[in-house]
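Asks: Sending over a structure as structure tokens; questions will come in a sec.
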Amino acid sequence: MSRATLSDADAAHLLRRVGFEAAPAERARWIGLERAEAIERALAVADSGDGATSEHARLLEGARFLEDQPSIERLQAWWLARCRAASPAWSERLSLFWHGHFATSDAKVQDPRKMLHQHRRFLAHGAGRFPPLLEAMLEDPALLVWLDAPENTKERPNENLARELFELFALGRGAYEERDVREAARALSGLRVKREVGEVRWNEHDRGAKRILGEEAPFTPRALVSLATRHSACARFLARKLRATFVVPATDDAALEAAAERFRSLELDVRRFLLGELAREEFWSAANRRALWKSPVEYVIGAVRQLELKSLKPLQLAEHCAAMGQALFLPPNVGGWPGGASWVTGAAMAARARFSSSAADELEARGDRPRALDEMLERLALFGVEPASRAALHAALENGRSRDVWFALLVHPLYQRC
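Just so you know, we're using this note's numbering here: the sequence shown kicks off at 518 and counts up by one.
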């Protein structure tokens with residue numbers, strides 16, 4: 518591993534990818550660290566408790582309140598408050614990844630408490646080995662309701678959960694056949710939700726032999742997880758998705774196969790895999806800086822953290838994210854949010870502009886009017902603004918239009934990327 522040390526731009530790049538944008542004071546603590554130490558720190562796993570900081574307690578009354586008086590709006594606000602306060606923020610960012618991977622919507626579940634418990638599963642299991650996480654998700658009441666698992670019995674098979682387990686959770690398209698789905702549904706028969714816990718009703722479970730992915734056995738849900746995660750497609754499917762989210766936008770076939778082999782050798786341990794991938798030169802290359810589109814949550818929380826915005830409360834932040842196309846705990850379908858360029862459609866950019874206008878208004882109201890453009894660019898870690906844009910922004914600042922400059926920077930094409 519390179520013994521190169523981090524510059525301000527390096528620190529911004531790392532923290533932006535594995536968390537959210539970081540203010541200069543936060544980045545300063547990373548400047549000068551060797552890459553290995555910085556990556557280790559950035560991927561520190563936070564306590565999975567709810568509201569561990571005074572800021573969480575101040576912003577919301579915490580998870581006990583959510584348990585007693587749940588609503589999806591309060592739950593969205595609670596999570597965004599955690600994202601705003603977290604340092605390092607990787608646990609929250611990784612939970613956001615898993616929320617899209619195991620996309621479950623309260624629109625059908627109709628129980629915010631179940632959604633809260635699912636989020637806790639992501640915090641508890643998301644950074645470790647994938648098989649235990651997948652096992653935990655097959656016991657998750659929200660996911661079971663979302664994918665009609667309680668309707669799947671040995672007498673009345675329902676293939677929804679089996680199909681999504683293969684296609685969306687573990688293997689990806691092309692790695693299984695329809696027969697595998699039918700047989701996997703038998704292995705998953707009898708799952709139900711009882712007292713907020715997922716369990717198997719063994720009298721409704723098909724105990725017969727099933728032939729799945731080339732192996733024959735009387736598979737149970739746990740045995741099916743073991744089979745799916747041992748399949749060669751699993752490491753490849755997850756490695757591609759993890760790398761596309763945290764490391765590089767695209768991976769060619771040869772590089773993907775090598776990455777999948779590294780993931781297999783680490784027993785599908787997510788944190789250990791990313792520790793290695795983030796140390797590779799491809800992550801640190803100039804071409805990989807701001808090469809991905811920010812999701813609405815990354816965009817909003819990044820700006821809030823960098824500019825220390827206070828006037829927009831978590832409930833309002835959740836509304837802004839929803840207007841941009843990402844309502845937490847309400848993904849559009851089982852595939853989650855499509856991501857990529859879908860985050861920057863005309864309607865989405867109009868919503869980002871409305872948020873940026875509110876942010877610029879707050880900065881203006883509190884008298885945040887830097888005299889130097891470089892100070893503003895440093896605050897937002899915008900190190901690559903082209904000369905023509907710099908000249909126009911400098912002229913606006915010279916004319917006392919700092920509010921307009923803040924707005925222009927927040928909607929600048931570079932700031933939409935991470």
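We put the beta carbon where it would ideally sit given N, CA and C, even for glycine.
#1: Relative to the C-alpha of alanine 776, which candidate in Phe924, Ala767, Arg757 has its C-alpha closest?
#2: Quick check: the Cα distance between serine 875 and alanine 913, rounded to an integer number of angstroms?
#3: Beta-carbon separation of tryptophan 810 and leucine 880 under 8 angstroms?
#4: Which residues in the same chain as aspartate 943 place their Cβ atom closer than 7 angstroms to its Cβ, once the five residues preceding and following it in sequence are excluded?
#5: Looking only at DSSP bridge pairs, what is leucine 682 linked to?
#6: According to the neighbour-count rule (16 or more other Cβ atoms, all chains shown, within 10 Å of its Cβ), is proline 855 buried or exposed?
#7: With 16 other CB atoms within 10 Å as the buried threshold, where does threonine 862 fall?
#8: Just the C-alpha distance for glycine 793 and arginine 883, rounded to the nearest angstrom, thanks.
#9: In terms of DSSP beta bridges, what is aspartate 786 paired with?
#10: Rounded to whole angstroms, what's the CA-CA distance from arginine 520 to tyrosine 932? Just pull it up for me.
#11: Return the CA-CA distance between serine 749 and alanine 909, expressed in angstroms with no decimal places.
#12: For glutamate 798, which of helix, strand or coil comes out of DSSP?
#13: Please check the pair valine 764 and leucine 795, which I expect to be a contact at CB under 8 angstroms, by giving their CB distance rounded to whole angstroms.
#14: Return the CA-CA distance between arginine 886 and aspartate 527, expressed in angstroms with no decimal places.
#15: Where does glutamate 733 fall in DSSP's three states?
#16: Could you tell me which of Asp623, Arg533, Thr522, Leu741 sits nearest to tyrosine 816, measuring between CA atoms?
#17: Taking all protein chains shown into account, decide if tryptophan 719 is buried (16 or more other Cβ within 10 angstroms of its Cβ) or exposed.
#18: Per the DSSP calculation, lysine 711 is bridged to which residue(s)?
#19: Suppose contacts are defined by Cβ-Cβ distances below 8 angstroms. Is tryptophan 596 in contact with histidine 636 by that definition?
#20: Compute the beta-carbon to beta-carbon distance between aspartate 697 and leucine 730, rounded to the nearest angstrom, for a pair I have assumed lies under 8 angstroms.
#21: Between the segment 725 to 743 and the segment 699 to 709, do at least 3 Cβ pairs fall closer than 8 angstroms?
#22: Out of Glu554, Val626, Trp615, which has the shortest C-alpha to C-alpha gap to alanine 641?
#23: Would leucine 523 and alanine 559 qualify as a contact pair, given that the criterion is a beta-carbon distance under 8 angstroms?
#24: Who are the Cβ neighbours of alanine 734 in its own chain at under 6 angstroms, not counting the five residues just before and after it?
#25: Check for me: the alpha helix (DSSP H) holding lysine 625 runs from which residue to which?
#26: Taking only three categories from DSSP, how would you classify lysine 631?
#27: Does the Cβ-Cβ distance between glutamate 732 and threonine 670 come in under 8 angstroms?
#28: Does threonine 522 come out as helix, strand or coil in the three-state DSSP assignment?
#29: For the segment 840 to 854 against the segment 899 to 909, are there 3 or more C-beta pairs whose distance is under 8 angstroms?
#30: Could you give the residue range of the alpha helix (DSSP H) that holds arginine 822?
#31: Have a look at Pro648, Arg934, Ala867, Leu660 and flag the residue whose alpha-carbon is nearest the alpha-carbon of leucine 741.
#32: Could you please give the first and the last residue of the uninterrupted alpha helix (DSSP H) stretch that includes proline 667?
Replies: So, to answer that:
#1: When the alpha-carbon of alanine 776 is set against those of Phe924, Ala767, Arg757, the nearest one is in Arg757.
#2: Using only the alpha carbons, I get a separation of about 19 angstroms.
#3: Not in contact: tryptophan 810 and leucine 880 (Cβ atoms no closer than 8 angstroms).
#4: Absent from the structure is residue 943, since the part of the chain shown begins at 518 and ends at 935.
#5: DSSP lists no bridge partner for leucine 682.
#6: Burial is judged here by how many other beta carbons sit within 10 angstroms of a residue's own beta carbon; proline 855 has fewer than 16 and is exposed.
#7: Counting Cβ neighbours within 10 Å, threonine 862 comes out exposed, since fewer than 16 surround it.
#8: Whole-angstrom Cα-Cα distance: 43 angstroms.
#9: According to the DSSP secondary-structure assignment, aspartate 786 is paired through a beta bridge with Arg646.
#10: So the alpha carbons of these two residues sit roughly 29 angstroms apart.
#11: Separation of serine 749 and alanine 909 (C-alpha to C-alpha, rounded to the nearest whole angstrom) is 53 angstroms.
#12: Residue state for glutamate 798 is assigned as helix, using DSSP reduced to three classes.
#13: The beta carbons of valine 764 and leucine 795 sit about 7 angstroms from each other, so the pair counts as a contact at 8 angstroms.
#14: Roughly 27 angstroms separates the two Cα atoms.
#15: Glutamate 733: strand per DSSP, three-state reduction.
#16: Looking at Asp623, Arg533, Thr522, Leu741, the one whose alpha-carbon comes closest to that of tyrosine 816 is Arg533.
#17: When all chains shown are included, tryptophan 719 counts as exposed.
#18: Per DSSP, Val714.
#19: Yes, these two residues count as a Cβ contact at 8 angstroms.
#20: With 8 angstroms as the limit, aspartate 697 and leucine 730 qualify as a contact, their Cβ atoms being about 6 angstroms apart.
#21: Result yes; three or more Cβ-Cβ pairs closer than 8 angstroms.
#22: Of Glu554, Val626, Trp615, the residue nearest in Cα terms is Trp615.
#23: No. Outside cutoff.
#24: If we look at alanine 734 and ignore the five residues flanking it on each side, it has no Cβ neighbours.
#25: Residues 623 to 626.
#26: Residue state, collapsed to three classes: helix.
#27: No, the pair does not count as a contact, with Cβ atoms beyond the cut-off.
#28: Strand, per DSSP.
#29: Here the segment 840 to 854 makes no contact with the segment 899 to 909; the two share fewer than three CB pairs at distances below 8 angstroms.
#30: Note, arginine 822: alpha helix (DSSP H), 813 to 824.
#31: A check of alpha carbon separations from leucine 741 across Pro648, Arg934, Ala867, Leu660 identifies Pro648 as the nearest.
#32: Unbroken run through proline 667: none, as it is neither H nor E.
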